[in-house]
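Numbering (the numbering used here), first residue to last: 726 to 1180. All remarks here apply to the structure that follows.
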């Protein structure tokens, strides 16, 4: 009965997310989603090539996300609700992988992880990641996290043979060509292979290094820094602002709103320090037991990816202001640090409770544990209410603009402010011609918006 109760609890965040998506999803493309239109036009003209999917988008080469989006759009006339469903499936896949690894960790260390499943579900299905749920073009981030997680779990399998190693490399390729931070997978994977017992380690490391160099080189071939982004030396020139960005990035899963940036940064600092402390005690507990160490390495890897991604984003984005670190699309990445801490904390507690002193008393203090949970869930309730309200406001704005476009009314000022920075007339004409997205299933006479009202 106890297990069943926690299964029901773990399903609550998923149910809340489903209602959130039903209430706030839209069939109107916004932001970078409009950059898919030229690819869809090429597909309809029969001129789309693999190179078109490989071309750089900002710092990223999102080959696999664009391949999925174009394929789905070709079948559904670019039904954007299908992209939302795919994002939900990717998030569910991430949660399923985490649950499987949590179960292995729970059995090995003989810990009670019932509450861990629920907390992992809260983070995995959090509406704080709203852009990554609602916007199909953000598919690259959940796909990146799913393939990274799968690759790490393959590399830390007790029996790592050639098949699993090749599958991990394939996961790394998907990770890299879904989001730029995916290049970190090759470094983390190399460290995993160094740390774990494996036959023919030199051959495995040499093969891994060769593939890593080839993939990263192919990624960087013809790479150009986006001109609109701040200089990479900003973090060195403004270390305090960069540090603030770093910790806000890590703390954003709790409350991803710019006006709460100082509080978010504090939570990020606490999570970072607690994770380092927990990782140290877990390592000291498992370092002499190869099987135990192999069981916790995946969580070290996930935490490392979250921290390293925060560092990479700090270097590339800190110049845009600390508020940019609260962007909901980053929450999926910083979630990894919180998820790892949730899993490692009970294992670290086993080591701490054996030692006398004030730390042992803190670990055993039920009142403190309940107080932390009350604060956490209070923040979650506040976050869900705020997200639900503002996403609904945003959806209603988009519906108004969509209806105006359907009526032939192109308001350039409003579109630049709320939809896309640039002229969309040609891309809207493509949607009309091939009956895509919000023009799906609608018949129009020849011509574009040129006959409509322009403001």
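Note that CB positions come from ideal geometry on N, CA and C, so glycine has one too. Everything numeric in this text was worked out from a predicted model, so none of it was measured.
Between the options, which has its C-alpha nearest residue i's C-alpha?
{"i": "residue 934", "options": "949, 970, 915 and 999", "result": "915"}
{"i": "residue 806", "options": "776, 783 and 746", "result": "746"}
{"i": "residue 1072", "options": "854, 917, 752 and 1002", "result": "1002"}
{"i": "residue 786", "options": "1010, 902 and 1124", "result": "902"}
{"i": "residue 739", "options": "848, 1146 and 1042", "result": "848"}
{"i": "residue 911", "options": "887, 923, 939 and 927", "result": "939"}
{"i": "residue 825", "options": "918, 1023 and 768", "result": "1023"}
{"i": "residue 751", "options": "1166, 1162 and 1167", "result": "1162"}
{"i": "residue 1075", "options": "808, 835 and 827", "result": "835"}
{"i": "residue 906", "options": "1020, 973, 797 and 1040", "result": "1040"}
{"i": "residue 968", "options": "1027, 1043 and 1122", "result": "1043"}
{"i": "residue 1117", "options": "749, 741 and 734", "result": "749"}
{"i": "residue 1029", "options": "996, 1048 and 1015", "result": "996"}
{"i": "residue 756", "options": "971, 859, 992 and 891", "result": "859"}
{"i": "residue 948", "options": "983, 783, 873 and 917", "result": "783"}
{"i": "residue 760", "options": "1053, 1167, 1158 and 1149", "result": "1149"}
{"i": "residue 1095", "options": "840, 788 and 892", "result": "840"}
{"i": "residue 923", "options": "886, 895 and 791", "result": "886"}
{"i": "residue 952", "options": "1045, 1051, 898 and 884", "result": "1045"}
{"i": "residue 898", "options": "1134, 913, 775 and 873", "result": "873"}
{"i": "residue 1164", "options": "801, 732, 1093 and 733", "result": "801"}
{"i": "residue 925", "options": "758, 1158, 941 and 884", "result": "884"}
{"i": "residue 809", "options": "962, 789, 778 and 855", "result": "855"}
{"i": "residue 1053", "options": "980, 1062, 1068 and 1033", "result": "980"}
{"i": "residue 966", "options": "1135, 1031, 1049 and 1032", "result": "1049"}
{"i": "residue 814", "options": "791, 985 and 864", "result": "864"}
{"i": "residue 1121", "options": "753, 961 and 1068", "result": "753"}
{"i": "residue 1109", "options": "853, 1068, 1151 and 1018", "result": "853"}
Let me know if residue i comes out buried or exposed under the rule of 16 or more other beta-carbons within 10 Å of its beta-carbon.
{"i": "residue 820", "result": "buried"}
{"i": "residue 1064", "result": "buried"}
{"i": "residue 743", "result": "exposed"}
{"i": "residue 857", "result": "buried"}
{"i": "residue 766", "result": "buried"}
{"i": "residue 803", "result": "buried"}
{"i": "residue 793", "result": "buried"}
{"i": "residue 964", "result": "exposed"}
{"i": "residue 900", "result": "buried"}
{"i": "residue 780", "result": "exposed"}
{"i": "residue 946", "result": "exposed"}
{"i": "residue 867", "result": "buried"}
{"i": "residue 931", "result": "exposed"}
{"i": "residue 919", "result": "exposed"}
{"i": "residue 770", "result": "exposed"}
{"i": "residue 1012", "result": "exposed"}
{"i": "residue 1103", "result": "exposed"}
{"i": "residue 875", "result": "buried"}
{"i": "residue 846", "result": "buried"}
{"i": "residue 1166", "result": "exposed"}
{"i": "residue 1009", "result": "exposed"}
{"i": "residue 1060", "result": "buried"}
{"i": "residue 1005", "result": "exposed"}
{"i": "residue 832", "result": "exposed"}
{"i": "residue 987", "result": "exposed"}
{"i": "residue 816", "result": "buried"}
{"i": "residue 843", "result": "buried"}
{"i": "residue 1175", "result": "Confidence at residue 1175 is low in this model, with a pLDDT of 48, below 50, so the placement of that residue should be treated as unreliable; the coordinate-derived value is given next. It is exposed - the Cβ of residue 1175 has fewer than 16 other Cβ atoms within 10 Å."}
Since residue i is in the alpha helix (DSSP H), which residue starts that stretch and which ends it?
{"i": "residue 987", "result": "986-1011"}
{"i": "residue 943", "result": "926-945"}
{"i": "residue 876", "result": "865-880"}
{"i": "residue 964", "result": "964-976"}
{"i": "residue 908", "result": "Looking at the DSSP string, residue 908 is not in any alpha helix (DSSP H), and its letter there is neither H nor E."}
{"i": "residue 1144", "result": "Looking at the DSSP string, residue 1144 is not in any alpha helix (DSSP H), and its letter there is neither H nor E."}
{"i": "residue 812", "result": "805-834"}
{"i": "residue 765", "result": "762-770"}
{"i": "residue 1025", "result": "1015-1042"}
{"i": "residue 846", "result": "839-849"}
{"i": "residue 888", "result": "887-901"}
Name the DSSP bridge partner or partners of residue i?
{"i": "residue 856", "result": "The partner list for residue 856 (beta bridge, DSSP) is empty, contrary to what the question assumes."}
{"i": "residue 782", "result": "785"}
Using beta carbons (cut-off 9 Å, strictly below), is residue i in contact with chain D?
{"i": "residue 981", "result": "No chain D appears in the structure shown, which is made up of a single protein chain."}
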